[in-house]
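One structure below.
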Amino acid sequence: MTSNLEAQLLALRQEGEQAIAAADTLERLEELRVSYLGKKGQLGALLRSMGQMSAEERPKIGAIANTVKEALQASLDKQRESLESAQIQAQLDAETLDVSMPGIYKPQGRIHPLNGIIDRALDVFVGLGYTVAQGLEMETDYYNFEALNTPPDHPARDMQDTFYLPDGNLLRTHTSSVQIRYMEKEEPPIHIVAPGRVYRRDNVDATHSAVFHQIELLAIDEGLTFTDLKGTIKVFLQAMFGDLPIRFRASYFPFTEPSAEVDLQWNGRWLEVMGCGMVDPNVMKSVGYDPEIYTGFAAGFGVERFAMVLHQIDDIRRLYASDLRFLRQF
Ligand code: DAH
């Protein structure tokens, strides 16, 4: 009886150890633990038969059963450890980075030539102490014309063919409207530079677009003169184009007096690049500034014109065509 049970215990141990050593997953290992050592497991079942044993035999068999239990538990622990570390190793292997693999180039975006010009121009003016300002693309007649000394019957309006909206508003024809919006809110001294889109009813061709970009410049302070305007424009054009000859030519704009246009000598000919002038006293009055105290200068230029000159672009439409063959050059 005793030896029979002893033999069964030893057989259980041997069989258990083999099965545990062969377990290849943690789930399988758990099944084996339940099967051998669990409450309703095989070891328990054997021990329940100890009830019929004599008092001398019982401690001996009990001791053997304990050894079997400990041995099986030790096998389970050992196998668990080895399965867990194999699992970690497999994960590490799967995550290994092969630095000898060839790289994959992700094409980078580029700055559009128009944005490139705007960025450069703003940088120059910010370097001179100017603040970047913004207005609205949909404007009222007041901000686009009237407050800029361009009353309803003024002939200057004929120069600008305007897109009028059904509600009576319009698409701004120049960034000069930002001057008024800014001055209304702030007090002098003012030094702003304002980039933005403008709209005109032009037929599209190689040199015209119904939508284009301007950058507006405005400085208001006590004692500003035409010399300050000339000096500022010269520094700016030098930063953009290098040391090219420039000239100021008398011109007319309703919102400046005197007014000038600036030409740049480019490839042997004079090229007009911007309009400018001393802010007209009427413009000062329209925003409540006293023209006896303050003077100022303003300028506006077309970004497309700058881009075409700087990058030798022969057709303005290339700037809007989103043709990568063109855009990748910049
Ligand atoms: N607004 C003018 C245009 O679109 C450009 C211009 C001229 C702006 C003179 C100015 C200025 O600020 O002083 O043709």
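Numbering-wise (my numbering), the sequence shown opens with residue 365 and increments by one. Beta carbons are placed, not taken as given, at the ideal position from N, Cα and C, and that holds for glycine.
{"Query": "CB contact flag (Leu-601, Val-568, <9 Å)", "Result": "no"}
{"Query": "Where Ser-650 falls: helix, strand or coil (DSSP)", "Result": "helix"}
{"Query": "One or two residues paired with Glu-548 in a DSSP bridge", "Result": "For Glu-548, which the question treats as bridged, DSSP gives no partner whatsoever."}
{"Query": "Closer than 8 Å: Glu-580 CB and nearest ligand 1 heavy atom", "Result": "yes"}
{"Query": "Buried or exposed by the 16-neighbour rule on C-beta atoms within 10 Å, applied to Thr-539", "Result": "buried"}
{"Query": "Beta-carbon proximity of Glu-668 to Asp-644, cut-off 9 Å", "Result": "no"}
{"Query": "Residue from Arg-484, Glu-550, Asp-517, Tyr-469 whose Cα sits closest to the Cα of Ala-497", "Result": "Glu-550"}
{"Query": "For Ser-623, three-class secondary structure by DSSP", "Result": "strand"}
{"Query": "Continuous alpha helix (DSSP H) stretch holding Thr-431: start and end", "Result": "421-458"}
{"Query": "Every unbroken alpha helix (DSSP H) within the segment 380-417, with a cutoff of 4 residues, ordered by chain", "Result": "390-401, 406-412"}
{"Query": "Given 8 Å, three or more beta-carbon pairs between the segment 604-611 and the segment 512-519", "Result": "no"}
{"Query": "Straight-line gap, Arg-545 to Trp-630 (C-alpha atoms, nearest Å)", "Result": "35 Å"}
{"Query": "Residue from Ala-583, Gln-693, Arg-565 with nearest C-alpha to Val-542", "Result": "Ala-583"}
{"Query": "Beta-bridge pairing of Gln-559 - partner residues as DSSP gives them", "Result": "Note on residue identity: the sequence assigns Pro, not Gln, to residue 559. In the DSSP output, where bridge partners are listed per residue, Pro-559 has Ile-579."}
{"Query": "8 Å Cβ shell around Phe-694 - same chain, five flanking residues per side excluded", "Result": "Arg-474, Ile-475, His-476, Pro-477, Gly-480, His-675"}
{"Query": "Secondary structure of Val-643, DSSP reduced to three states", "Result": "strand"}
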